[in-house]
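Visitor: Chains as they are written, first to last, in this note's numbering: chain S, 18 to 225; chain P, 18 to 225. I have a structure I would like to understand better, so I am pasting it below and will then ask my questions one at a time.
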DNA sequence: TTGATTAAATTAAATGTTTGTTTAACTTTG
DNA sequence: CAAAGTTAAACAAACATTTAATTTAATCAA
């Protein structure tokens with residue numbers, strides 16, 4: 018799991034190219050060129066193009082699982098605070114790593130890719146963690162009881178993914194073409210997470 | 018624009034294969050085989066693989082534009098009724114045509130595909146139609162004034178797309194594996210549109 | 001209704017390019 | 001000096017597209 022500099026530049030280049038052109042449209046030659054290494058190094062280090070994409074997913078998925086669990090099990094903060102943190106952190110993470118998340122979206126659509134099962138298992142685990150958290154909040158009377166948690170998670174993920182993956186459409190439609198890429202990213206993070214937090218609170222929090 | 022039976026079976030086969038494997042992973046040989054026509058017929062009728070995908074998009078986009086405009090400009094129904102119809106019809110349309118909509122999602126992610134500009138123009142048009150409708154409802158005091166219409170549309174599209182594109186993950190996570198594909202589809206349509214209608218009404222309708 | 005003529009439809013085969021991967025030779029490193 | 005790293009070249013397979021030959025369908029004068 019420890020990668021040297023050459024392996025890391027291959028992983029980075031592959032993530033970038035797989036994200037913008039797709040797995041099949043990206044040749045190992047393209048990756049080698051982008052990473053500035055010889056073509057044979059990819060087979061040498063990763064075995065094959067398929068194994069390469071698997072390595073990319075594993076690296077990211079493990080990192081997210083840790084963040085999620087730590088974030089929700091932190092008992093120093095209230096349920097609402099932790100829920101807000103969940104939305105904010107998720108949105109931030111997706112917007113800050115467009116390349117990887119585009120790969121993720123693509124892989125979920127594709128049915129014939131090997132990493133698909135890996136993704137499903139980890140999505141399920143993540144969902145169970147969130148569900149337990151909400152259920153706990155419901156038992157403590159903080160969250161409303163008649164919430165479809167699954168659909169709420171789908172709205173969180175679906176909205177964020179859609180904003181991220183069509184961010185340049187969004188930019189043009191909102192007349193934000195004067196913003197730089199990082200300014201746009203900042204705008205989308207705050208805008209999307211505020212929108213979602215409002216939306217969820219409207220159905221999740223008992224009226225005072 | 019009038020297609021014969023052979024052209025239609027090519028279009029149908031291509032839509033199916035592009036959707037499940039992606040544009041680049043689908044060879045014209047695969048399409049020819051699925052459509053049960055000779056390989057050369059695809060170049061003969063559509064010129065190239067690129068032109069073929071453009072033809073598919075044009076066919077669908079024109080149909081949706083008509084539906085949307087008719088639906089919202091129907092003055093026989095109230096604003097709320099028309100808004101509900103918008104959500105319901107959109108969700109229904111996406112869920113009932115998974116192949117085409119997966120192609121759409123894919124194309125929006127991909128930056129180097131020719132149809133991308135076509136999609137952007139039509140998304141913008143559709144958004145303007147919806148925005149005018151909501152604004153009209155706001156002027157008439159039916160809808161709340163402080164709604165981020167753009168983000169709401171992104172939640173509609175994002176949630177629906179995400180449910181549709183990961184519908185088999187959804188099925189497994191919800192323990193609905195006993196349902197047939199068409200039963201699942203029906204379940205997802207009602208479930209998703211109800212969820213979204215509730216969500217939007219919570220932020221869109223003035224409290225009575 | 002015939003037979004000739006022409007354009008459209010259809011085909012198998014060939015084209016030249018690009019693909020992922022391997023090889024075998026070479027260089028660097030410990 | 002052996003193991004790991006690196007390379008250009010070679011490999012067969014698959015790719016989109018074109019070609020040239022053949023069949024089908026339509027038109028129309030006799």
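Where is the CB? At the ideal position from N, CA and C, for every residue including glycine. Quick caveat: nothing in here was measured; it's all calculated off a predicted structure.
(1) Rounding to the nearest angstrom, what Cα-Cα distance links residue 113 of chain S and residue 202 of chain S in this structure?
(2) Under three-state DSSP, which class holds residue 222 of chain S?
(3) Rounded C-beta distance between residue 51 of chain P and residue 33 of chain P? I'm assuming under 8 Å.
(4) If I'm right that residue 139 of chain P touches residue 181 of chain P with Cβ under 8 Å, what's the distance once you round it to whole angstroms?
(5) For residue 90 of chain P, does the count of other Cβ atoms within 10 angstroms reach 16, so buried, or fall short, so exposed?
(6) Roughly how many whole angstroms lie between the Cα atoms of residue 86 of chain P and residue 124 of chain S?
(7) Below 8 Å on the Cβ atoms is my contact criterion, and I expect residue 170 of chain S with residue 144 of chain S to pass it. Report the Cβ-Cβ distance as a whole number of Å.
(8) Give me the Cβ distance between residue 28 of chain P and residue 73 of chain P, rounded to the nearest whole Å; I'm assuming they're in contact under 8 Å.
(9) Does the Cβ of residue 225 of chain S have 16 or more other Cβ atoms within 10 Å, making it buried, or fewer, making it exposed?
(10) Given that residue 139 of chain P touches chain S, what residues does it touch there, using C-beta distances under 8 Å?
(11) Along the chain, where does the alpha helix (DSSP H) containing residue 195 of chain P start, and where does it finish?
(12) How would you label residue 84 of chain P, buried or exposed, when you count the other beta carbons within 10 angstroms and need 16 or more for buried?
(13) Considering only the beta carbon of each residue, do residue 157 of chain P and residue 96 of chain P sit closer than 8 Å?
(14) I'd like to know whether the C-beta of residue 174 of chain P is nearer than 8 Å to at least one C-beta of chain S.
(15) What does the alpha-carbon distance come out to for the pair residue 37 of chain S and residue 126 of chain P?
(16) Return the first residue and the last residue of the alpha helix (DSSP H) that residue 142 of chain P is part of.
(17) Assuming residue 96 of chain S is part of the alpha helix (DSSP H), what are its boundary residues?
(18) Please list the partners that residue 165 of chain S has in chain P, where partner means a Cβ-to-Cβ separation under 7 Å.
(19) For my contact list, residue 221 of chain S and residue 132 of chain S are in at a C-beta cut-off of 8 Å; report their separation, rounded to the angstrom.
(20) Sort S:40, S:162 and S:100 by Cα distance to residue 66 of chain S and report the nearest one.
(21) Sorted by chain position, which residues of the same chain lie with C-beta nearer than 7 Å to residue 25 of chain S's C-beta, five sequence neighbours on each side aside?
(22) Which two residues bound the contiguous alpha helix (DSSP H) that contains residue 91 of chain S?
(23) Identify every residue that forms a DSSP beta bridge with residue 63 of chain S.
(24) Comparing the C-beta of residue 180 of chain S with each C-beta of chain P, is any distance below 8 Å?
(25) By Cβ distance, which residues of its chain are closer than 7 Å to residue 252 of chain P, with the 5 residues on each side in sequence left out?
(26) Please work out which residues of its chain come closer than 6 Å, Cβ to Cβ, to residue 78 of chain S, disregarding the five sequence neighbours upstream and downstream, and give them in chain order.
(27) Residue 160 of chain P bridges to which residues according to DSSP?
(28) So which of P:55, P:178 and P:48 has the shortest CA-CA distance to residue 70 of chain P?
(29) So which of S:103, S:61 and S:59 has the shortest CA-CA distance to residue 146 of chain S?
(30) Less than 8 Å between the beta carbons of residue 197 of chain P and residue 172 of chain S, yes or no?
(31) Alpha carbon to alpha carbon, how far is residue 21 of chain P from residue 211 of chain S? Give it in angstroms, no decimals.
(32) Output, in chain order, the set of chain P residues within a Cβ distance shorter than 7 Å of residue 183 of chain S.
(33) Between residue 98 of chain P and residue 215 of chain P, what straight-line distance do the alpha-carbon atoms span, to the nearest angstrom?
(34) Residues of the region 142 to 170 of chain S with a CB closer than 7 Å to any CB of chain P: list them in chain order, please.
(35) Who are the near neighbours of residue 35 of chain S in its chain, counting only those whose CB is closer than 6 Å to its CB and skipping five residues on each side?
Guide: Straight from the coordinates:
(1) 7 Å
(2) strand
(3) 7 Å
(4) With 8 Å as the limit, residue 139 of chain P and residue 181 of chain P do not qualify as a contact, their Cβ atoms being about 19 Å apart.
(5) That one is exposed.
(6) 34 Å
(7) 6 Å
(8) 6 Å
(9) Only weak support exists for where residue 225 of chain S lies, its pLDDT of 42 falling under 50; the value from the coordinates is given anyway. That one is exposed.
(10) Per Cβ cutoff of 8 Å: no residues; residue 139 of chain P is ~11 Å from chain S at best.
(11) Segment: none, residue 195 of chain P is in no alpha helix (DSSP H) and carries neither H nor E.
(12) exposed
(13) yes
(14) yes
(15) Distance between the alpha carbons of residue 37 of chain S and residue 126 of chain P is about 7 Å.
(16) 133 to 156
(17) From DSSP, the alpha helix (DSSP H) with residue 96 of chain S extends over 96 to 113.
(18) Here the neighbours are 212.
(19) Not really, about 33 Å apart at Cβ, beyond 8 Å.
(20) S:40
(21) none
(22) No alpha helix (DSSP H) holds residue 91 of chain S; DSSP gives it neither H nor E.
(23) Paired residue(s): none; residue 63 of chain S is not in a bridge.
(24) At least one chain P Cβ lies under 8 Å of residue 180 of chain S.
(25) Coverage of chain P is limited to positions 18 through 225, which leaves residue 252 of chain P absent and any answer about it impossible.
(26) 139
(27) P:222
(28) P:48
(29) S:103
(30) No, the Cβ-Cβ distance between residue 197 of chain P and residue 172 of chain S is not below 8 Å.
(31) 50 Å
(32) In chain order: 125.
(33) When rounded, the distance between both Cα atoms is 13 Å.
(34) 144, 165, 167 and 168
(35) 43 and 120
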